[in-house]
Amino acid sequence: MSCKDVVLPTPESENIIGEWEWVESVGGLSGLDRRTPESVRETYQLIFRDNGKYRYCIDNEKSDKGTYSIEEKVDSSSSYLEVSLHGDKSSTSILSFQTNDSMSLFPVSCTVCYNSVYVRK
Numbered sequence: 014m015s016c017k018d019v020v021l022p023t024p025e026s027e028n029i030i031g032e033w034e035w036v037e038s039v040g041g042l043s044g045l046d047r048r049t050p051e052s053v054r055e056t057y058q059l060i061f062r063d064n065g066k067y068r069y070c071i072d073n074e075k076s077d078k079g080t081y082s083i084e085e086k087v088d089s090s091s092s093y094l095e096v097s098l099h100g101d102k103s104s105t106s107i108l109s110f111q112t113n114d115s116m117s118l119f120p121v122s123c124t125v126c127y128n129s130v131y132v133r134k
């Protein structure tokens, strides 16, 4: 596996810039547990700026902020992007865009993970 940092902005990174609203997460122990804003009674927002900074909000109140980086990963069968959030609640997730207005984030290092889908606000 090889990897390289993506120098911002790139066509891929420009897709992430903007405000995103969480719509659902699927996963958990069974892999079938589905969570939505209605079921957990919270909303989550991610805001990515073109200067490499992000803000994470719960119910539109700031919960975390910091910088983010995007790295392209290549293994024997595919290439993909990882986004790392560098703040109080740092994390790294596999990033994929379903459309220009829909993205999913899947945590890299966890045992019982949820794939979270966000849509552009």
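Per the working numbering: the sequence shown = residues 14 to 134. Yeah, the Cβ is synthetic: ideal placement off N, Cα and C, and Gly gets one too. Bear in mind the structure is a predicted one, so any value in this text is a computation, not a measurement.
Q) Where does E51 fall in DSSP's three states? A) By one-based count along the sequence shown, residue 51 stands at place 38. Correct three-state label for E51: helix.
Q. Is the beta carbon of S122 sitting closer than 8 Å to the one on V130?
A. As a position in the sequence shown, residue 122 is number 109, starting the count at 1. As a position in the sequence shown, residue 130 is number 117, starting the count at 1. No, the pair does not count as a contact, with Cβ atoms beyond the cut-off.
Q | E113 to N28 span [Cα, whole Å] | A | The residue given as residue 113 occupies position 100 in the sequence shown. The residue given as residue 28 occupies position 15 in the sequence shown. The displayed chain sequence assigns Asn, not Glu, to residue 113. Cα-Cα distance, rounded: 6 Å.
Q. Where does the unbroken beta strand (DSSP E) through K66 begin, and where does it stop?
A. Numbered from its first residue, the sequence shown carries residue 66 at position 53. It spans 66–71 - the beta strand (DSSP E) in which K66 sits, taken as one unbroken run.
Q) Looking only at its own chain, which residues have a Cβ that is under 6 Å from the Cβ of R48, when we skip the five neighbours before and after it? A) Here residue 48 corresponds to residue number 35 of the sequence shown, with the count starting at 1. For R48, where only same-chain residues beyond five positions count, the Cβ hits under 6 Å are S38.
Q: Whole angstroms is fine: what's the gap from V125's alpha carbon to S90's?
A: Taking the first residue of the sequence shown as position 1, residue 125 is located at position 112. Taking the first residue of the sequence shown as position 1, residue 90 is located at position 77. Using only the alpha carbons, I get a separation of about 24 Å.
Q) Buried or exposed: where does F142 fall if 16 or more other Cβ atoms within 10 Å of its Cβ makes it buried? A) Residue coverage of the chain in this structure runs from 14 to 134, which leaves residue 142 outside it and unanswerable.
Q. Taking Cβ to Cβ, would you say K78 is nearer than 8 Å to R62?
A. As a working mapping, residue 78 is identified with position 65 in the sequence shown. As a working mapping, residue 62 is identified with position 49 in the sequence shown. Taking 8 Å as the Cβ cut-off, K78 and R62 do not qualify as a contacting pair.
Q.
For L94 and R54, I'd like the C-alpha separation in whole angstroms.
A. In the sequence shown, counting from the first residue as 1, residue 94 sits at position 81. In the sequence shown, counting from the first residue as 1, residue 54 sits at position 41. Roughly 30 Å between the two C-alpha positions.
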